[in-house]
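The sequence shown begins at 13 in the numbering used here and counts up by one. Cβ atoms here follow ideal geometry from the backbone N, Cα and C, with glycine treated the same way. This report refers to the structure that appears directly beneath it.
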Amino acid sequence: MDNSIANSALTVAKFGGTSVADFTAMSRSAKIVIANPDTKIVLISACSGVTNILVELANGVSDASTRQQRLQQLTQTHQDVLDQLKQPSSIQDAIYSLLDSVATLAEQAAIATSAQLTDQIVSHGELLSTYLFTQILVEQNAPAVRVDIRPIMRTDDQFGKAIPQPEQIKQQAETQLLPLLDGNIVVSQGFIGSNSQGVTTTLGRGGSDYSAALVAEAVNASTLEIWTDVPGLYTTDPRITPAAQPIKEISFSEASEMANFGAKILHPSTLVPAVRQQIPVFVGSSKAPEQGGTWIRQSVEDAPLFRALALRANQTMVTLTSLNMFHAYGFLAEVFRILAEHKISVDLITTSEVSVSLTLDQTDTGGGAPTLPLKAVEELSQLCRVEVEQGLSLVALIGNQMSDTKGSAKDIFGALEDHNLRMICYGASPHNLCFLINEDEAKDVVRTLHASLLE
Ligand code: ADP
Ligand code: ASP
Ligand code: MG
Numbered sequence: 013m014d015n016s017i018a019n020s021a022l023t024v025a026k027f028g029g030t031s032v033a034d035f036t037a038m039s040r041s042a043k044i045v046i047a048n049p050d051t052k053i054v055l056i057s058a059c060s061g062v063t064n065i066l067v068e069l070a071n072g073v074s075d076a077s078t079r080q081q082r083l084q085q086l087t088q089t090h091q092d093v094l095d096q097l098k099q100p101s102s103i104q105d106a107i108y109s110l111l112d113s114v115a116t117l118a119e120q121a122a123i124a125t126s127a128q129l130t131d132q133i134v135s136h137g138e139l140l141s142t143y144l145f146t147q148i149l150v151e152q153n154a155p156a157v158r159v160d161i162r163p164i165m166r167t168d169d170q171f172g173k174a175i176p177q178p179e180q181i182k183q184q185a186e187t188q189l190l191p192l193l194d195g196n197i198v199v200s201q202g203f204i205g206s207n208s209q210g211v212t213t214t215l216g217r218g219g220s221d222y223s224a225a226l227v228a229e230a231v232n233a234s235t236l237e238i239w240t241d242v243p244g245l246y247t248t249d250p251r252i253t254p255a256a257q258p259i260k261e262i263s264f265s266e267a268s269e270m271a272n273f274g275a276k277i278l279h280p281s282t283l284v285p286a287v288r289q290q291i292p293v294f295v296g297s298s299k300a301p302e303q304g305g306t307w308i309r310q311s312v313e314d315a316p317l318f319r320a321l322a323l324r325a326n327q328t329m330v331t332l333t334s335l336n337m338f339h340a341y342g343f344l345a346e347v348f349r350i351l352a353e354h355k356i357s358v359d360l361i362t363t364s365e366v367s368v369s370l371t372l373d374q375t376d377t378g379g380g381a382p383t384l385p386l387k388a389v390e391e392l393s394q395l396c397r398v399e400v401e402q403g404l405s406l407v408a409l410i411g412n413q414m415s416d417t418k419g420s421a422k423d424i425f426g427a428l429e430d431h432n433l434r435m436i437c438y439g440a441s442p443h444n445l446c447f448l449i450n451e452d453e454a455k456d457v458v459r460t461l462h463a464s465l466l467e
């Protein structure tokens, strides 16, 4: 990848679903774009709630009247914005043709679903919202142009959690995006892409953050801005505890751990391209830009022992037990061969002498707790006993030098003496300690740890 010096003042800005939820939110976000003359590329999500409805339709709603109701909701969301435009006629036909296409595809999904069809359906959220947002910018006298990101955002074929191809994205961005930046503000879609045949793919739920980071990397941007509904990264999800505090500045390593371990504010992969290209990332609230936000950079002044807590629900733990594992070699290799064959990505892992516990990655657009395909269970069962457990949450404590600091484990586990912790991972990263816990205790555990370590 080209590591040349960043384009001296080129900001890529991403606005999430709540920041483009309706006419008012879009108008506020448009003002943020216009206020910074360096912002030349804007990636947006679907209007808030739209992707959820599209996922429901893609999963197959067989009752025609329920399906109709959902389609009506989609129409209403977009019509409400059209109604407040000065010149709705310039984009009305495009909006209605996309809504018609959703209706046709939803009917197909009611008969037979597929991951490819799901991506095609859910991509409509971003295709729709970008028409509206571009027009709002134009009506505020900004030179906005709408671009279809799909031919640029090249991915592999894994529908629902497609893997972007950075080299190809860079090449496509150089020919299709950079020439437009002179005098224009480009508005395009987060979350969606296409494979080498041009078939629509998606990067997984919440993937717009990742899209924006990939585009920022491809055009060598000097800053990536993520505009959302909270003024930056907090010490934990402010919805869990009002005691959560905003963080002014945080390192790439710590913020990557937060994103990876469930802080929904950033898609887990967002910081990977930013780190590769050393692009500072700003996270702020489009509702209150004056409150400032969080800067995420390579190096920061403050590196506290305990920084933040993240929570990830819907964990699936698989425990594999076999006496053959005892002092033998090759057992884990065989387990991982089977998992790899079924394209199952493992998240966490701990081992004892005769068993290994692991959790499954969960990133695809379909949502819910990840499951082991039956075929994989069958193959693993020839090797060992297989137990699958759900209803678990993962709590991660993020900080600095935790495994090298005497007494830190005592502070952490001391605060949790009333809880039954499941799998614990500690030591592999100096920035992270995490454990599984029953879903119904998880928020309490976060509140307890927050009170004792972060307040
Ligand atoms: P968007 O639609 O803009 O992408 P998301 O809903 O995906 O927004 O992410 C923003 C939400 O992330 C916040 O409203 C907040 O509830 C949640 N969140 C989780 N962890 C954190 C954290 N550590 N700091 C701030 N917000 C967090
Ligand atoms: N609209 C997509 C979702 O809701 C992508 C995103 O918002 O980041 O998951
Ligand atoms: Mg998000």
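Alpha helix (DSSP H) segment containing residue 181, residue limits: Taking the first residue of the sequence shown as 1, we reach residue 181 at position 169. From DSSP, the alpha helix (DSSP H) with residue 181 extends over 178-188.
Entirely enclosed alpha helix (DSSP H) segments - the stretch 71-99, minimum 4 residues: 76-95
The ligand ASP heavy atom lying under 7 angstroms from the CB of residue 324: Position 312 of the sequence shown holds residue 324. No, Cβ of residue 324 sits at least 7 angstroms from all heavy atoms of the ligand ASP.
First and last residue of the uninterrupted beta strand (DSSP E) at residue 273: For the purposes of this step, residue 273 is taken as the residue at position 261 of the sequence shown. Residue 273 -> no beta strand (DSSP E), and no H or E assigned at all.
For residue 394 and residue 249, the rounded distance between their alpha carbons: Reading the sequence shown from its first residue, position 237 is the one you call residue 249. Reading the sequence shown from its first residue, position 382 is the one you call residue 394. Residue 249 and residue 394: Cα-Cα distance of roughly 42 angstroms.
Closer than 7 angstroms: residue 222 CB and nearest the ligand ADP heavy atom: Counted from its first residue, the sequence shown places residue 222 at position 210. No - the ligand ADP has no heavy atom lying nearer than 7 angstroms to the Cβ of residue 222.
Cβ pair count under 8 angstroms reaching 3, the stretch 392-408 against the stretch 319-337: yes
Residue environment, residue 363, which counts as buried when at least 16 other CB atoms sit within 10 Å: For this step, residue 363 is matched to residue 351 along the sequence shown. Exposed.
Spatial neighbours of residue 187 in its chain, beta-carbon cut-off 8 angstroms, leaving aside the 5 residues before and after: Taking the sequence shown and counting its residues from 1, one reaches residue 187 at position 175. Here the set comprises nothing.
Candidates 344, 102, 419, 119, of which the one nearest residue 150 by Cα: In the sequence shown, the residue the question calls residue 150 occupies position 138. Among 344, 102, 419, 119, the Cα nearest to that of residue 150 is on 102.
Test item: CB-CB of residue 297 and residue 253 under 8 angstroms: Taking the first residue of the sequence shown as 1, we reach residue 297 at position 285. Taking the first residue of the sequence shown as 1, we reach residue 253 at position 241. Their beta carbons are not under 8 angstroms apart, which means residue 297 does not touch residue 253 by this criterion.
Cβ contact (3+ pairs, closer than 8 angstroms) linking the stretch 60-72 and the stretch 23-35: yes
Cutoff 6 angstroms; reference residue 139; Cβ partners in own chain excluding five residues on either side: The residue labelled residue 139 in the question sits at position 127 within the sequence shown. Excluding sequence neighbours, residue 139 sits near 110.
Whole-angstrom distance between residue 77 and residue 309, CA atom to CA atom: One-based indexing of the sequence shown puts residue 309 at position 297. One-based indexing of the sequence shown puts residue 77 at position 65. Their backbone Cα atoms lie some 50 angstroms apart in a straight line.
Residue ranges of each alpha helix (DSSP H) within the stretch 279-350, 4 or longer: 283-289
Short Cβ contact (8 angstroms threshold) for residue 360 with residue 446: Mapped onto the sequence shown, residue 360 falls at position 348. Mapped onto the sequence shown, residue 446 falls at position 434. Yes.
Whole-number beta carbon distance between residue 206 and residue 163, since they are thought to touch under 8 angstroms: On the sequence shown, position 151 is the one that residue 163 refers to. On the sequence shown, position 194 is the one that residue 206 refers to. 6 angstroms between Cβ atoms; contact.
Residue environment, residue 210, which counts as buried when at least 16 other CB atoms sit within 10 Å: If you number the sequence shown from 1, residue 210 lands on position 198. Residue 210 comes out exposed.
Spatial distance of residue 196 from residue 53 (CA atoms): As a first step, residue 196 is located in the sequence shown; it is residue number 184 there, counting from the start. As a first step, residue 53 is located in the sequence shown; it is residue number 41 there, counting from the start. So the alpha carbons of these two residues sit roughly 9 angstroms apart.
Rounded C-alpha distance that separates residue 14 from residue 179: By 1-based counting over the sequence shown, the position of residue 14 is 2. By 1-based counting over the sequence shown, the position of residue 179 is 167. Legend: pLDDT at residue 14 = 46, less than 50; position of this residue unreliable, no value from coordinates given.
For residue 29, three-class secondary structure by DSSP: On the sequence shown, residue 29 is found 17 positions in, with the first residue counted as 1. DSSP places residue 29 in helix when its eight states are reduced to three.
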